[in-house]
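Following: one structure in C-alpha coordinates, then a few remarks.
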Amino acid sequence: MSFADLFWLFFVFTALQPVLRQRMLEAMRTRKIAQLEAKRGSRVILLVHRQETMRLLGFPLVRYIDINDSEDVLRAIQMTGDDVPLDLVLHTPGGLVLAAMQIAWAIHEHKSKVTVFVPHYAMSGGTLIAIAAGEIVMCKHSVLGPIDPQLGQSPAASLLKVVEQKPISEIDDKTLVLADVGRKAIEQVKQAATGLLQPRHTAEQAEALAKLLSTGTWTHDYPIFADTAKELGLPVNSDMPDEVLELMTLYPQPIRTQSGGVEYLPVPRQKQAASRPS
234 MSFADLFWLF FVFTALQPVL RQRMLEAMRT RKIAQLEAKR GSRVILLVHR QETMRLLGFP
294 LVRYIDINDS EDVLRAIQMT GDDVPLDLVL HTPGGLVLAA MQIAWAIHEH KSKVTVFVPH
354 YAMSGGTLIA IAAGEIVMCK HSVLGPIDPQ LGQSPAASLL KVVEQKPISE IDDKTLVLAD
414 VGRKAIEQVK QAATGLLQPR HTAEQAEALA KLLSTGTWTH DYPIFADTAK ELGLPVNSDM
474 PDEVLELMTL YPQPIRTQSG GVEYLPVPRQ KQAASRPS
(Lines of atoms letter the chains of each structure in order from A; the text may use other names.)
(Lines give C-alpha, C1' and ligand atoms only; values in the text may rest on other atoms or scores of the structure.)
Protein backbone atom coordinates (compact mmCIF):
# COMPACT_ATOMS: atom_id res chain seq x y z
CA MET A 234 0.00 0.00 0.00
CA SER A 235 1.43 3.34 -1.06
CA PHE A 236 1.79 6.45 1.05
CA ALA A 237 -0.95 8.08 -1.03
CA ASP A 238 -3.34 5.22 -0.20
CA LEU A 239 -2.56 5.55 3.50
CA PHE A 240 -3.12 9.30 3.29
CA TRP A 241 -6.54 8.88 1.70
CA LEU A 242 -7.54 6.19 4.21
CA PHE A 243 -6.54 8.51 7.04
CA PHE A 244 -8.46 11.36 5.41
CA VAL A 245 -11.63 9.25 4.98
CA PHE A 246 -11.41 7.93 8.56
CA THR A 247 -10.94 11.45 9.94
CA ALA A 248 -13.90 12.73 7.92
CA LEU A 249 -16.16 9.88 9.05
CA GLN A 250 -15.16 9.94 12.71
CA PRO A 251 -17.60 12.71 13.79
CA VAL A 252 -20.43 10.96 11.93
CA LEU A 253 -19.64 7.61 13.56
CA ARG A 254 -19.38 9.25 16.99
CA GLN A 255 -22.79 10.88 16.49
CA ARG A 256 -24.36 7.59 15.42
CA MET A 257 -22.98 5.90 18.52
CA LEU A 258 -24.38 8.64 20.75
CA GLU A 259 -27.80 8.35 19.09
CA ALA A 260 -27.81 4.57 19.59
CA MET A 261 -26.85 4.96 23.26
CA ARG A 262 -29.59 7.57 23.78
CA THR A 263 -32.17 5.30 22.16
CA ARG A 264 -31.23 2.45 24.52
CA LYS A 265 -31.30 4.71 27.58
CA ILE A 266 -34.70 6.17 26.61
CA ALA A 267 -36.08 2.65 26.15
CA GLN A 268 -34.75 1.64 29.59
CA LEU A 269 -36.34 4.68 31.25
CA GLU A 270 -39.66 4.05 29.49
CA ALA A 271 -39.64 0.43 30.64
CA LYS A 272 -38.83 1.42 34.23
CA ARG A 273 -41.50 4.15 34.46
CA GLY A 274 -44.10 2.69 32.10
CA SER A 275 -44.24 5.99 30.25
CA ARG A 276 -43.55 7.78 26.99
CA VAL A 277 -40.22 9.60 27.38
CA ILE A 278 -39.64 12.73 25.27
CA LEU A 279 -36.48 14.81 25.37
CA LEU A 280 -36.35 18.48 24.41
CA VAL A 281 -32.66 19.33 24.79
CA HIS A 282 -30.99 22.48 23.48
CA ARG A 283 -27.36 23.16 24.14
CA GLN A 284 -26.92 26.89 24.63
CA GLU A 285 -23.20 26.65 23.87
CA THR A 286 -22.56 27.70 20.30
CA MET A 287 -21.11 25.64 17.50
CA ARG A 288 -19.24 27.81 15.06
CA LEU A 289 -19.82 27.62 11.33
CA LEU A 290 -17.66 29.98 9.27
CA GLY A 291 -17.19 32.03 12.43
CA PHE A 292 -20.90 32.54 13.15
CA PRO A 293 -22.46 31.16 16.36
CA LEU A 294 -25.49 28.89 16.01
CA VAL A 295 -27.83 28.71 19.00
CA ARG A 296 -30.62 26.17 19.52
CA TYR A 297 -33.99 27.17 20.96
CA ILE A 298 -37.61 25.98 20.96
CA ASP A 299 -38.96 26.36 17.43
CA ILE A 300 -41.81 25.07 15.29
CA ASN A 301 -39.86 21.95 14.33
CA ASP A 302 -39.64 21.07 18.02
CA SER A 303 -43.37 21.58 18.56
CA GLU A 304 -44.16 19.41 15.53
CA ASP A 305 -41.95 16.60 16.83
CA VAL A 306 -43.25 16.75 20.41
CA LEU A 307 -46.89 16.90 19.27
CA ARG A 308 -46.32 13.92 16.98
CA ALA A 309 -44.85 11.92 19.88
CA ILE A 310 -47.83 12.81 22.09
CA GLN A 311 -50.28 11.89 19.33
CA MET A 312 -48.60 8.48 19.12
CA THR A 313 -49.11 7.96 22.86
CA GLY A 314 -52.25 6.41 24.33
CA ASP A 315 -54.36 8.46 26.73
CA ASP A 316 -53.61 5.94 29.49
CA VAL A 317 -49.81 6.22 29.10
CA PRO A 318 -48.00 8.77 31.30
CA LEU A 319 -45.70 11.33 29.68
CA ASP A 320 -42.18 12.09 30.91
CA LEU A 321 -40.66 15.17 29.29
CA VAL A 322 -36.98 16.00 29.88
CA LEU A 323 -36.40 19.73 29.38
CA HIS A 324 -33.07 21.47 28.90
CA THR A 325 -33.62 24.73 27.05
CA PRO A 326 -33.08 28.50 27.17
CA GLY A 327 -36.60 29.02 25.76
CA GLY A 328 -37.68 30.05 22.29
CA LEU A 329 -40.77 30.91 20.26
CA VAL A 330 -43.89 31.54 22.34
CA LEU A 331 -46.09 29.89 19.71
CA ALA A 332 -44.08 26.66 19.70
CA ALA A 333 -43.82 26.54 23.51
CA MET A 334 -47.54 27.23 23.82
CA GLN A 335 -48.43 24.34 21.49
CA ILE A 336 -46.32 21.92 23.52
CA ALA A 337 -47.64 23.25 26.83
CA TRP A 338 -51.31 22.83 25.89
CA ALA A 339 -50.65 19.37 24.42
CA ILE A 340 -49.18 18.07 27.67
CA HIS A 341 -51.77 19.95 29.76
CA GLU A 342 -54.57 18.14 27.94
CA HIS A 343 -52.96 14.69 28.07
CA LYS A 344 -55.25 12.49 30.17
CA SER A 345 -52.54 10.60 32.06
CA LYS A 346 -49.95 12.06 34.41
CA VAL A 347 -47.33 14.33 32.87
CA THR A 348 -43.96 14.78 34.57
CA VAL A 349 -41.39 17.33 33.45
CA PHE A 350 -37.76 16.75 34.43
CA VAL A 351 -35.45 19.78 34.61
CA PRO A 352 -31.91 18.50 35.27
CA HIS A 353 -30.28 21.91 34.69
CA TYR A 354 -32.50 24.69 33.35
CA ALA A 355 -35.76 25.33 31.50
CA MET A 356 -36.08 29.06 30.99
CA SER A 357 -38.77 31.25 29.40
CA GLY A 358 -40.72 29.02 27.00
CA GLY A 359 -39.29 26.00 28.85
CA THR A 360 -40.92 27.25 32.05
CA LEU A 361 -44.21 27.77 30.21
CA ILE A 362 -44.07 24.09 29.24
CA ALA A 363 -43.06 22.98 32.75
CA ILE A 364 -45.98 24.70 34.52
CA ALA A 365 -48.39 22.74 32.33
CA ALA A 366 -47.24 19.43 33.86
CA GLY A 367 -48.71 17.67 36.87
CA GLU A 368 -45.26 17.31 38.42
CA ILE A 369 -41.94 19.12 37.95
CA VAL A 370 -38.80 17.27 39.02
CA MET A 371 -35.75 19.50 39.55
CA CYS A 372 -32.30 19.04 40.99
CA LYS A 373 -31.58 21.29 43.97
CA HIS A 374 -29.84 23.87 41.80
CA SER A 375 -31.90 23.46 38.63
CA VAL A 376 -33.72 26.61 37.58
CA LEU A 377 -36.86 27.80 35.86
CA GLY A 378 -37.33 31.40 34.74
CA PRO A 379 -39.86 34.17 34.12
CA ILE A 380 -42.13 33.87 31.08
CA ASP A 381 -42.44 37.60 30.32
CA PRO A 382 -42.54 38.18 26.52
CA GLN A 383 -39.53 39.66 24.74
CA LEU A 384 -39.85 41.81 21.62
CA GLY A 385 -36.54 41.65 19.81
CA GLN A 386 -33.93 42.75 22.35
CA SER A 387 -36.44 44.51 24.61
CA PRO A 388 -38.67 43.10 27.37
CA ALA A 389 -42.30 43.91 26.67
CA ALA A 390 -42.77 45.09 30.27
CA SER A 391 -39.91 47.60 29.91
CA LEU A 392 -41.43 49.02 26.73
CA LEU A 393 -44.64 49.66 28.65
CA LYS A 394 -42.62 51.49 31.31
CA VAL A 395 -41.29 53.85 28.64
CA VAL A 396 -44.80 54.73 27.49
CA GLU A 397 -46.00 55.18 31.07
CA GLN A 398 -43.12 57.38 32.20
CA LYS A 399 -42.46 59.61 29.16
CA PRO A 400 -44.79 62.10 27.43
CA ILE A 401 -46.24 60.70 24.21
CA SER A 402 -44.72 63.60 22.27
CA GLU A 403 -41.23 62.38 23.23
CA ILE A 404 -41.74 58.79 22.12
CA ASP A 405 -41.12 57.68 18.53
CA ASP A 406 -43.76 55.79 16.57
CA LYS A 407 -41.79 52.51 16.54
CA THR A 408 -41.58 52.44 20.34
CA LEU A 409 -45.32 53.17 20.61
CA VAL A 410 -46.12 50.31 18.24
CA LEU A 411 -43.82 47.93 20.14
CA ALA A 412 -45.38 48.96 23.43
CA ASP A 413 -48.86 48.25 22.06
CA VAL A 414 -47.73 44.82 20.84
CA GLY A 415 -45.98 44.22 24.16
CA ARG A 416 -49.13 44.97 26.15
CA LYS A 417 -51.06 42.42 24.09
CA ALA A 418 -48.25 39.85 24.34
CA ILE A 419 -48.10 40.10 28.14
CA GLU A 420 -51.86 39.70 28.44
CA GLN A 421 -51.88 36.71 26.08
CA VAL A 422 -49.07 34.92 27.95
CA LYS A 423 -50.67 35.70 31.32
CA GLN A 424 -54.03 34.29 30.20
CA ALA A 425 -52.38 31.17 28.81
CA ALA A 426 -50.33 30.60 31.97
CA THR A 427 -53.44 31.05 34.11
CA GLY A 428 -55.18 28.32 32.14
CA LEU A 429 -52.17 26.01 32.25
CA LEU A 430 -51.88 26.33 36.04
CA GLN A 431 -55.46 25.11 36.55
CA PRO A 432 -56.93 22.87 37.94
CA ARG A 433 -53.93 22.34 40.28
CA HIS A 434 -54.53 25.88 41.60
CA THR A 435 -57.64 27.88 42.30
CA ALA A 436 -58.51 30.50 39.70
CA GLU A 437 -57.22 33.27 42.00
CA GLN A 438 -53.95 31.45 42.76
CA ALA A 439 -53.37 30.62 39.10
CA GLU A 440 -53.96 34.21 38.01
CA ALA A 441 -51.67 35.64 40.71
CA LEU A 442 -48.83 33.24 39.84
CA ALA A 443 -49.27 33.81 36.11
CA LYS A 444 -49.10 37.57 36.69
CA LEU A 445 -45.94 37.21 38.76
CA LEU A 446 -44.22 35.16 36.06
CA SER A 447 -45.34 37.10 32.99
CA THR A 448 -45.39 40.81 33.79
CA GLY A 449 -41.71 41.65 34.26
CA THR A 450 -41.39 41.16 38.02
CA TRP A 451 -37.80 40.00 37.47
CA THR A 452 -35.28 40.21 34.64
CA HIS A 453 -35.87 37.60 31.96
CA ASP A 454 -32.86 35.53 33.02
CA TYR A 455 -33.76 35.52 36.74
CA PRO A 456 -33.17 32.00 38.15
CA ILE A 457 -36.09 30.42 39.99
CA PHE A 458 -34.48 27.59 41.96
CA ALA A 459 -36.35 24.49 43.11
CA ASP A 460 -37.03 25.78 46.64
CA THR A 461 -38.37 29.08 45.30
CA ALA A 462 -40.54 27.25 42.76
CA LYS A 463 -42.05 25.23 45.63
CA GLU A 464 -42.72 28.41 47.61
CA LEU A 465 -44.53 29.82 44.57
CA GLY A 466 -46.84 26.81 44.68
CA LEU A 467 -45.52 24.85 41.73
CA PRO A 468 -45.67 21.02 42.05
CA VAL A 469 -41.90 20.59 42.40
CA ASN A 470 -39.92 17.77 43.97
CA SER A 471 -36.22 16.86 43.87
CA ASP A 472 -36.40 13.11 43.21
CA MET A 473 -34.37 13.28 40.01
CA PRO A 474 -33.84 9.76 38.56
CA ASP A 475 -30.23 8.82 37.86
CA GLU A 476 -31.32 7.70 34.40
CA VAL A 477 -32.27 11.27 33.45
CA LEU A 478 -28.87 12.60 34.50
CA GLU A 479 -27.18 9.76 32.61
CA LEU A 480 -29.20 10.68 29.53
CA MET A 481 -27.93 14.25 29.72
CA THR A 482 -24.33 13.04 29.53
CA LEU A 483 -25.20 11.66 26.08
CA TYR A 484 -25.88 15.21 24.87
CA PRO A 485 -22.33 16.61 24.96
CA GLN A 486 -21.59 20.25 24.40
CA PRO A 487 -20.53 21.16 20.85
CA ILE A 488 -16.79 21.48 20.36
CA ARG A 489 -15.66 24.94 21.43
CA THR A 490 -13.07 27.04 19.70
CA GLN A 491 -11.36 27.39 23.09
CA SER A 492 -10.75 24.68 25.65
CA GLY A 493 -13.22 24.56 28.52
CA GLY A 494 -12.32 25.69 32.03
CA VAL A 495 -13.96 22.81 33.94
CA GLU A 496 -12.33 19.41 34.38
CA TYR A 497 -12.97 16.54 36.80
CA LEU A 498 -12.85 12.75 36.93
CA PRO A 499 -16.34 11.64 35.75
CA VAL A 500 -16.87 9.06 38.52
CA PRO A 501 -18.89 9.28 41.76
CA ARG A 502 -16.86 10.07 44.87
CA GLN A 503 -17.92 9.25 48.42
CA LYS A 504 -15.85 9.65 51.56
CA GLN A 505 -14.55 6.25 52.52
CA ALA A 506 -15.22 5.04 56.02
CA ALA A 507 -12.11 4.59 58.15
CA SER A 508 -11.01 0.96 58.27
CA ARG A 509 -11.16 -0.79 61.62
CA PRO A 510 -8.93 -3.62 62.77
CA SER A 511 -10.68 -6.95 62.87
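Take 234 as the starting number for the sequence shown in the numbering used here and just add one per residue.
Backbone N, C-alpha and C fix where the C-beta goes; we use that ideal spot for every residue, glycine too.
Selection from Pro468, His453 and Ile401 that minimises the alpha carbon distance to alanine 380:
First, the residue type needs correcting, since residue 380 is isoleucine and not alanine in the sequence shown. The residue with the shortest Cα to Cα distance from isoleucine 380 is His453.
Taking buried to mean at least 16 other C-beta atoms within 10 Å of its own C-beta, is proline 432 buried or exposed?
Proline 432 should be labelled exposed.
Rounded to whole angstroms, what's the CA-CA distance from glycine 428 to arginine 256? Just pull it up for me.
As the crow flies, the alpha-carbon of glycine 428 is around 41 angstroms from that of arginine 256.
For methionine 356 versus proline 382, is the C-beta spacing smaller than 9 angstroms?
Going by C-beta atoms, methionine 356 is not nearer than 9 angstroms to proline 382.
In terms of alpha-carbon separation, which member of Gly328, Gln505, Glu270 and Asp315 lies closest to leucine 516?
Coverage of the chain is limited to positions 234 through 511, which leaves residue 516 absent and any answer about it impossible.
Which runs of the alpha helix (DSSP H) at least 4 residues long sit entirely within the region 320-346? Give them in chain order.
Segments of the alpha helix (DSSP H) lying fully in the region 320-346: 330-341.
Are the CB atoms of glycine 367 and alanine 390 within a distance shorter than 9 angstroms?
Their beta carbons are not under 9 angstroms apart, which means alanine 390 does not touch glycine 367 by this criterion.
Closest residue to glutamate 437 among Gly466, Gln421 and Ile310 (Cα-Cα distance):
Of Gly466, Gln421 and Ile310, the smallest CA-CA separation from glutamate 437 is found for Gly466.
What alpha helix (DSSP H) runs, 4 residues minimum, are completely inside the region 343-401?
Segments of the alpha helix (DSSP H) lying fully in the region 343-401: 358-363 and 389-398.
Cβ separation of glutamate 397 and lysine 265, assumed to be a contact under 8 angstroms, to the nearest whole Å
No, glutamate 397 and lysine 265 are not in contact; Cβ-Cβ is about 51 angstroms, not under 8 angstroms.
Whole angstroms is fine: what's the gap from alanine 462's alpha carbon to glutamate 342's?
Cα to Cα, alanine 462 sits roughly 22 angstroms from glutamate 342.
Which residue's Cα is closest to the Cα of lysine 346: Ala332, Pro318 and Ile364?
Selected option, being the one with the closest Cα: Pro318.
My understanding is that leucine 384 touches leucine 411, with C-beta atoms under 8 angstroms, so please give their C-beta distance in whole angstroms.
Contact between leucine 384 and leucine 411 holds: CB atoms are separated by about 5 angstroms, below the 8 angstroms threshold.
Tell me whether glycine 494 sits in a helix, a strand or coil according to DSSP, three-state version.
In this structure, glycine 494 counts as coil in the three-state DSSP scheme.
DSSP three-state assignment for isoleucine 300, whether helix, strand or coil:
Shown here, isoleucine 300 sits in a helix according to DSSP, grouped into three states.
Identified DSSP bridge partners for isoleucine 278:
Answer by DSSP bridge pairing, in chain order: Leu321.
Backbone secondary structure at valine 469 - three-state DSSP
Strand, per DSSP.
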